[in-house]
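Residue numbers (the working numbering), protein chains in the order written: chain A, 1 to 251; chain B, 1 to 247.
See below:
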């Protein structure tokens with residue numbers, strides 16, 4: 001379980017996060033939604049420790065992560081996997097080397113064992129016969145799937161996905177969403193996903209947190225979104241006419 | 001001034017991270033071998049071409065500027081040797097490498113920063129500064145002295161070919177000149193300078209790339225800054241080292 005308590009973050013005079021609190025449970029996909037520039041990515045980067053918070057606490061289980069030094073954080077980070085918005089695959093490495101990299105760095109497995117694990121993870125994300133390809137030779141969807149394989153290769157307890165559907169067509173987006181959902185259940189991970197894609201929310205939103213201008217405005221499940229009276233949330237979720245009609249039909 | 005001091009401070013802090021204990025030595029070893037190929041072996045071509053023509057021009061200019069019956073012609077060979085040994089093969093080649101290797105390092109690391117590849121390393125618990133920069137520093141410290149030696153040899157050969165082909169000096173006089181009053185310490189001096197220059201070029205360029213913020217435009221700017229700052233620092237250290245090592 002991950003617990004964020006009253007997180008605040010400033011860049012100069014600009015307060016990007018204002019007292020945001022949230023609890024992310026294991027075995028479920030937790031979504032953070034909000035407009036572009038609302039502070040979702042900053043919140044996620046604070047959760048994983050890529051950005052230092054100004055106020056508040058972040059707990060991983062019973063460990064106060066936000067107060068740990070580099071070495072302490074490093075130990076927790078071995079249990080984290082992250083899918084970045086642009087996939088962040090290492091350009092100079094092949095698909096196989098990308099997925100094997102965490103195993104090279106943090107395990108003493110033999111090459112054969114590592115290769116078996118890499119092939120298992122690539123197979124799990126439906127990437128076949130692509131071990132020798134470089135990231136520049138992959139499509140956007142394939143890059144995301146390879147990045148997921150790299151993120152889960154060490155069997156992490158926590159998975160973070162920043163805009164996993166950005167730049168993907170609707171069909172590939174659904175494939176990625178389903179993959180994240182399935183893997184979360186399989187590995188009983190605590191998964192946190194940043195998105196503004198409403199299809200993802202309806203597919204994966206077991207728990208949804210809505211952030212607007214750095215503040216948490218709403219929290220609930222995908223089913224509760226349809227019935228919510230929160231005006232800002234409704235403006236965001238039901239931004240187009242079709243969605244408004246859907247909302248009205250459920251009333 | 002504040003910006004300069006803050007940049008100077010973060011440069012030293014980055015070096016602190018770079019020289020912390022590596023996670024897995026054999027991975028760093030593999031990376032270093034890759035960097036030797038990328039930053040060292042792939043620079044042999046340009047160093048060879050530049051050194052050859054540099055040696056040729058030094059010989060011809062020395063010959064045309066010392067056209068006097070008082071001076072023995074073997075001095076042309078001596079002048080070519082000492083110019084190459086003392087200055088050209090270490091400093092000029094380092095300036096050229098600051099352009100080639102420096103911009104390569106800054107743009108590679110800068111691109112990794114803006115595409116979140118460095119964040120991905122950090123998130124895994126890898127010391128990204130050490131993993132990305134230390135092998136480059138070690139590779140250039142190992143290979144740049146070899147490049148300097150190659151440059152010295154090719155430069156002198158270039159001078160010999162140009163001198164004899166143009167008829168300004170005979171082959172015997174040139175060979176006598178390059179052996180005349182030879183001070184072996186000059187080679188040591190060139191190697192010591194090269195080691196300092198290799199460190200300056202790699203660390204400054206890596207610093208510029210590592211702290212890039214923004215997109216491709218900023219990566220381009222960082223690449224330019226890497227070349228300019230490392231060249232200026234290199235020239236400054238050239239003066240200091242010359243005073244310290246030759247006085």
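C-beta: ideal position from N, C-alpha, C; glycine also. It should be emphasised that the depicted structure is a prediction, and the values quoted were computed from it without experimental measurement.
- In its chain, beyond the 5 residues on either side, 165, 170, 173, 174 and 177 have a beta carbon closer than 8 Å to the beta carbon of residue 199 of chain A.
- Under the DSSP assignment, residue 150 of chain A falls outside any beta strand (DSSP E), being part of the alpha helix (DSSP H) whose first and last residues are 140-152.
- Within its own chain, the residues whose Cβ lies closer than 8 Å to the Cβ of residue 155 of chain A, once the five positions on either side in sequence are excluded, are 187, listed in chain order.
- Your pair residue 102 of chain B and residue 230 of chain B checks out as a contact, with CB atoms roughly 5 Å apart and the cut at 8 Å.
- One alpha carbon belongs to residue 159 of chain A, the other to residue 121 of chain A, and they sit about 15 Å apart.
- In this structure, the straight-line span from the alpha carbon of residue 205 of chain A to that of residue 29 of chain A is close to 7 Å.
- Taking the C-beta atoms as reference points, residue 75 of chain B is found no nearer than 9 Å to residue 109 of chain B.
- When DSSP states are grouped into helix, strand and coil, residue 90 of chain A belongs to the coil group.
- Secondary-structure assignment with DSSP links residue 207 of chain A through a beta bridge to A:30.
- In this chain, residue 122 of chain B is not harboured by any beta strand (DSSP E); it is covered by the alpha helix (DSSP H) spanning 117-124.
- Between the segment 193-204 of chain B and the segment 141-158 of chain B, the count of Cβ pairs shorter than 8 Å is three or higher; the stretches touch.
- Shown here for residue 38 of chain A: same chain residues with a beta carbon closer than 8 Å to its own, the five before and five after excluded, namely 211, 212, 213 and 214 in chain order.
- Between the C-alpha atoms of residue 225 of chain A and residue 126 of chain A there is a straight-line separation of about 32 Å.
- Between residue 111 of chain B and chain A, the shortest Cβ-Cβ separation is below 9 Å.
- With a threshold of 9 Å between beta carbons, residue 24 of chain B makes contact with chain A.
- With the rule of 3 Cβ pairs closer than 8 Å, the segment 73-88 of chain B does not count as touching the segment 215-223 of chain B.
- For residue 149 of chain B, the nearest beta carbon of chain A is not closer than 9 Å to its own beta carbon.
- A contact is defined here as three or more CB-CB pairs under 8 Å, and the segment 83-99 of chain B meets this definition with respect to the segment 48-56 of chain B.
- Residue 76 of chain A: member of the alpha helix (DSSP H) spanning 70-77, first to last residue.
- Two segments are said to touch when three or more pairs of C-beta atoms, one from each, lie closer than 8 Å; by this definition the segment 157-172 of chain B does not touch the segment 89-99 of chain B.
- Non-local C-beta neighbours of residue 222 of chain B in its own chain, meaning closer than 6 Å and more than five positions away in sequence, comprise 106, 110, 208, 209 and 212, ordered along the chain.
- The contact set of residue 102 of chain A on chain B, defined by CB atoms closer than 7 Å, consists of 124 in chain order.
- Under the Cβ criterion of 9 Å, residue 245 of chain A is not counted among the residues facing chain B.
- Apart from sequence neighbours up to five positions away, the residues of its chain that approach residue 112 of chain B with a beta-carbon distance below 6 Å are 118, ordered along the chain.
- In this structure, the straight-line span from the alpha carbon of residue 161 of chain A to that of residue 189 of chain A is close to 12 Å.
- For the C-beta of residue 90 of chain A, the chain B residues within less than 7 Å are, from N- to C-terminus, 117.
- Residue environment analysis places residue 190 of chain B among the buried positions, since at least 16 neighbouring C-beta atoms fall within 10 angstroms of its C-beta.
- By the neighbour-count criterion, in which 16 or more other beta carbons inside 10 Å mark a residue as buried, residue 72 of chain B falls on the exposed side.
- Pairing residue 201 of chain A with residue 47 of chain A gives a Cβ-Cβ distance that is not under 9 Å.
- Under the Cβ distance rule, residue 226 of chain A does not count among the residues neighbouring chain B, no pair being separated by less than 9 Å.
- Put simply, of A:57, A:231 and A:113 the residue whose alpha carbon is nearest the alpha carbon of residue 18 of chain A is A:57.
- Separation of residue 169 of chain B and residue 151 of chain B (C-alpha to C-alpha, rounded to the nearest whole angstrom) is 22 Å.
- Of the candidates A:88, A:107, A:152 and A:91, the residue whose Cα lies closest to the Cα of residue 119 of chain A is A:152.
- Around residue 163 of chain B, the same chain offers 59, 169 and 174 as residues with beta carbons nearer than 6 Å, after the five sequence neighbours per side are excluded.
- Between the C-alpha atoms of residue 186 of chain B and residue 225 of chain B there is a straight-line separation of about 32 Å.
- For residue 46 of chain B, same chain residues with a beta-carbon under 7 Å away, outside a window of 5 residues either side, are 96 and 100 in chain order.
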